[in-house]
Amino acid sequence: MAIEKKLNRRDFLRGTAIAAVGVMAASCAQPTPIIVEKEVPVEKVVKETVVVEKQVPVEKIVKETVVVSKEIAIEKVVTATPVPPKFFEAPMLAELVKAGKLPPVEDRLPVDPMVIAPVDTIGTYGGTWRMVASGTSDFSGHSSRVNPVEGFITWGMDGASIVPNLASKWEIGDNGASFTFYLRKGVKWSDGKPFTAADVLFLHEDVYKNTELTPNYPGGFKMAGEPAVVEKLDDYTFSIKFAAPYGLFPLNMAADFSGWSEVPAHYMKQFHASYTAKANLDKMVADNKLETWMQLYSAKGNWMNNPEKPLLRPWLMVQPPPETTLILERNPYYWKVDPDGNQLPYIDRQRHTLVESVDVINLRAVAGEIDNQMRNIALASYPLYKENAAKGGYDVYLWKMAETGACFFPNQTLLKDDVLRGIMQDIRFRKALQYAIDTDEVNELHYVGQASDMTSCVPDELKGEKIFEEYTYDVAKANALLDEMGLDKKGPNGWRLRPDGQELSLTVETAASWTTVVPVAELVAGYWQKIGINAVLKSLMYEGWWDRVGTSEYQVIAYLLENFDPLINLTYPRNYFVTSYDCYWGTLWGAWYNAGGKAGEEPPDWVKELQTAYDGVKGETDPAKQIAVMNDAFKVWLESHNIVHTVGRYPQPVIVKTSFKNFPKDGVNGWPLRSPGYSRPEQYFMTA
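Structure, rendered in structure tokens:
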């Protein structure tokens, strides 16, 4: 079955481009305007208007810059949405209130609850949202998208702007080096205890700065090599100050740093050595069959396995692993409402069924046993989904992907095999692997012909470089490059021989649950065999995946290349700028950067150039200059050909039951957005 339209890069950018002004605007949701005065050395008049659609608390921000001799006054005029005069709750919670087991809804909500405008219409309460995962690790990744962490600020429902969330507003000072967040008063953890700035301070001072819990202070909270300074200003206000301007900080807080709001100090202190007597702590460690208090702290902080941990998310775990059906129920203290005053979420429960393989997920989908899901819903199965849609009572939406098709990451910091490591560090080898891949065949077989090529992913400013155009399918070129490297001799089985006389073999590792990757990796391994490399695919369970990556003993990883666009990969730079150990093509180099040189392995100069460029991007407060620096570094990255690719953009199918409402028909699937999390799962609802 044909898909009507291919998605090009311009379509993608329309759906995901970061609104430059929105990133840096000090958004607020107060009923009266406020005026902030700062001294800045700029002598020009700037008028900026930001419209945040679909997000009720902030409708419009008008910034007026007036030039004077020493200072610029910035006036932010806000049209605030009034708090509904009356609140309503789900029937299952009303019964608990009636029984005296729960306070009235108005006592559970904050003074200024977050008001969420639904995608289509005001919803109704009830229902169980059915989803399927291939194991607990797959569930963990999926749940972060459908029951996402609530950050202080977050992505708007347009997937482009940044808007208030737990913080009703934030301010930026010191030319982008300091940030002040104003929390909503009266937000409560799921156990009814208040959420305050003390929770933030505990995380920073007692977790991030505790070397037993956090051996290396998080690199994302350093500037100019110095850790952040976090200060509690009052119960609902805190500041974060850096040693230098940090232009990316609001963006990062909306994306990967949202977990700052996930640590309930009143609960976690009982597992911390600074707050609990050693004898009591030792007993808890022994009772839980662990060895250290740090292991205890980590275990108790895992909401998936510990239902007792208080949360701020829409749903709470009530039936955890090792059960194979995981049940989440609504959070009675959830702090968001719709415009009519109905406490969210609308849906009572999430039910995640754990199955042995992705094939079972497909069977469940076509049988109509999944209410809404995009994870593990592969484009290759799109014809099957469409064929069974009417019988299964579902629709198939097509979202845009913020990722490329399957890519391959030769590990240039491979341990325990210096000969193969040297081979993979030779760009001729990586180019040979590229030339051997028939990308047109990959597209037809695994992306139903709907993927664009990789040239669609190159920033417009670099179109003239023609980097990807060079790598068309050419087996003769692949063989010639390998011969040129001295890999021209073959053994008795027909495989090329390494300089040490061993067969040239490659083990390609991937996760069995990555449905869009595994079949492509099988095909690509076959291509590489045709040029004399004994390539084999090893599909692993996702459990323990990151431990495996951290060893740097893998040879090649097959995955996707996330956010192949400067406007989006600002938030997820690992495979572009080698910023952490999860950079698949340079694990030890990334670990070195993240630890400030105290771990991993010092990289070569050209990798340091990428890392230095990222430092420049982090510190730049002008979005246009950020993009310019990104593009310069991107050119270096392209020319070094660290990643072997297949196809570029492609659509992401989404299974949506006809009874499942307020799910956007169009959207972007990408990890920084925690898709579909940015579309507010709490406002989805189900009809009979």
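Be aware that the sequence shown starts at 3, since it is given in this note's numbering, and climbs by one per residue.
Even for Gly, the Cβ is constructed at its ideal location relative to N, Cα and C.
Query	Result
Cα-Cα separation, Met487 to Ala438	16 Å
Assigned exposure category for Glu622 - 16 Cβ within 10 Å defines buried	buried
Limits of the unbroken alpha helix (DSSP H) element including Tyr595	589-596
Status (buried if at least 16 other CB within 10 Å, exposed otherwise) for Asp373	buried
Asn304, buried or exposed, once every other Cβ within 10 Å from all chains shown has been counted against 16	exposed
Where Met286 sits in the DSSP three-state scheme	helix
Beta-carbon proximity check, Asn307 vs Pro323, cutoff 9 Å	yes
Phe89 - partner residues in DSSP beta bridges	Per DSSP, none; premise fails for Phe89.
Ala593, buried or exposed, once every other Cβ within 10 Å from all chains shown has been counted against 16	buried
Distance, Leu235 Cα to Met133 Cα	42 Å
Cα-Cα separation between Val265 and Asp462, rounded to whole angstroms	41 Å
Integer-rounded CB distance, given that Val638 should sit under 8 Å from Trp608	7 Å
Completely contained beta strand (DSSP E) runs for the stretch 647-682, where each covers 3 or more residues	653-659
For Asp397, three-class secondary structure by DSSP	strand
Reduced DSSP secondary structure (H/G/I, E/B, other) of Arg498	strand
Backbone CA spacing between Val510 and Ala523 [nearest angstrom]	8 Å
Local conformation of Tyr144 per DSSP, three classes	In the sequence as presented, Tyr is not what sits at residue 144; that position holds His. Helix, per DSSP.
Cross-strand partners of Leu185 (DSSP beta bridge)	Ala169
N- and C-terminal bounds of the beta strand (DSSP E) containing Gly407	405-412
Three-state secondary structure (DSSP) of Ala1	In the structure as shown, the chain begins at 3 and stops at 690. Residue 1 is therefore absent and cannot be evaluated.
C-alpha distance - Val421 paired with Asn413, whole-angstrom precision	12 Å
Beta-carbon proximity of Gly552 to Thr589, cut-off 9 Å	yes
Range of the contiguous beta strand (DSSP E) that encloses Val558	558-564
Nearest-angstrom beta carbon gap, Gly370 and Gly407 [assumed within contact, 8 Å]	With 8 Å as the limit, Gly407 and Gly370 do not qualify as a contact, their Cβ atoms being about 29 Å apart.
For Met376, the three-state DSSP class (helix, strand or coil)	coil
Three-pair Cβ contact test at 8 Å for the stretch 291-300 versus the stretch 266-279	yes
Contact the stretch 346-355 vs the stretch 491-508: 3+ CB pairs below 8 Å	no
DSSP-derived helix/strand/coil call for Phe197	coil
Endpoints, the alpha helix (DSSP H) within which Arg423 is located	420-427
Nearest neighbour of Trp172, chosen from Trp157, Val444, Tyr184, Leu386 [CA to CA]	Tyr184
Whether Ile363 touches Ala135 by CB criterion (9 Å)	yes
Stretch-stretch touch, CB-based, cutoff 8 Å, three pairs: the stretch 433-449 with the stretch 570-583	no
Beta-carbon proximity list for Gly261, same chain, < 7 Å, skipping 5 on both sides	Val151
Rounded separation between Leu318 and Arg351 - CA only	9 Å
His354 - containing beta strand (DSSP E), residue span	351-356
Segments assigned alpha helix (DSSP H), at least 4 residues, entirely inside the stretch 212-275	251-256, 267-270
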